[in-house]
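J.:
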Amino acid sequence: MEKVRKILVHQSKVQVSRAQIYLRASFCPIKYLSHSEADSLPPDTLNRGVDVGVAVLLQSANQRLLLTRRASSLRIFSMFGFHRGHVELDEKLLDAGLRELKEETGLKLSPDEISSQLLGLWESVYPHLLSSGIPKRHHIVTYIILRSSQSHFQLLTCLRTDPAEVSACVWVYTVRRIVQIPADLVTEVSPHGELIETLLEDIERISTETKFALELWLITLEPHSEMG
1 MEKVRKILVH QSKVQVSRAQ IYLRASFCPI KYLSHSEADS LPPDTLNRGV DVGVAVLLQS
61 ANQRLLLTRR ASSLRIFSMF GFHRGHVELD EKLLDAGLRE LKEETGLKLS PDEISSQLLG
121 LWESVYPHLL SSGIPKRHHI VTYIILRSSQ SHFQLLTCLR TDPAEVSACV WVYTVRRIVQ
181 IPADLVTEVS PHGELIETLL EDIERISTET KFALELWLIT LEPHSEMG
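Residue 1 is where the sequence shown starts when you use the UniProt record's numbering, and the numbers rise one by one after that.
#1: Thinking glycine 53 and glycine 85 are a contact (beta carbons under 8 Å), I'd like their distance in whole angstroms, please.
#2: On a Cα-Cα basis, can you pick out the residue from Ser26, His138, Leu66 and Leu98 that is closest to leucine 41?
#3: Once DSSP output is grouped into helix, strand and coil, what is the label at phenylalanine 212?
#4: Rounded to whole angstroms, what's the CA-CA distance from proline 111 to leucine 195? Just pull it up for me.
#5: Secondary structure at leucine 41, three-state DSSP: helix, strand or coil?
#6: Leaving aside the five residues before and after glutamine 63 along the sequence, list all residues of the same chain whose C-beta is less than 8 Å from its C-beta, in chain order.
#7: Which runs of the beta strand (DSSP E) spanning at least 3 residues fall entirely within the region 66-106, listed in chain order?
#8: Just verifying my parser: in three-state terms, what is the DSSP assignment at glutamine 154?
#9: The alpha helix (DSSP H) spanning tyrosine 32 covers which residue range?
#10: Pull the bridge partners of glycine 120 from the DSSP assignment, please.
#11: Which word fits isoleucine 206, buried or exposed, when buried means at least 16 other C-beta atoms lie within 10 angstroms of its C-beta?
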């Protein structure tokens, strides 16, 4: 709990008044953990408590956002997301975010070069599904957006990803799109179909947590946004 308290202690250093949004996945294992499963948690998991993590969204001056794909050697791979890691005791959230950004991408930015804003908090549990095993790690992840005064072209010249953590990266941007539902979209399944209880292959995708952060980012782009 001491680590969680640090979120509140150093919140003012990120130039925001409060975190307005705190969410977790609808399938969060903590939500569905039974009393017997909770009682079966090993002492090292119980004593570990809730750790504090930080994730940063790097936005360029021309409103591009940097996404990276985790290396295949990592525990959770083939997923695109943001630069994140643990917050050390007595470490400020912004300092931790800039440190993680440098370790993963090679981009060395100082607090004077960027403006920062706290977007929200996300409750993260590993494994992410209760069907994959009882929880072993529990984090409160603080999402911060870093706005650089440089374009993504300028930042690209300094980008040096760590192959041990990052296998690919991409600059994403927003487009206006008219969404139309296909006429041949399947609306029901056959009553004679066979249900196979298995998980789909975990190929390249964006996690629920990353979608949460992207939605918060889109809010900041809206005119007269009141976030933060």
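Ideal Cβ positions, reconstructed from N, Cα and C, are used throughout, including at glycine.
All figures in this text were calculated on a predicted structure; none of them were measured in a lab.
T.: On the basis of the coordinates in this document:
#1: That pair is a contact at about 7 Å.
#2: Comparing alpha-carbon positions, the option among Ser26, His138, Leu66 and Leu98 lying closest to leucine 41 turns out to be His138.
#3: helix
#4: 53 Å
#5: coil
#6: Tyr173, Thr174 and Leu221
#7: 79-81 and 83-86
#8: helix
#9: 29-32
#10: Bridge partners of glycine 120: Tyr143.
#11: exposed
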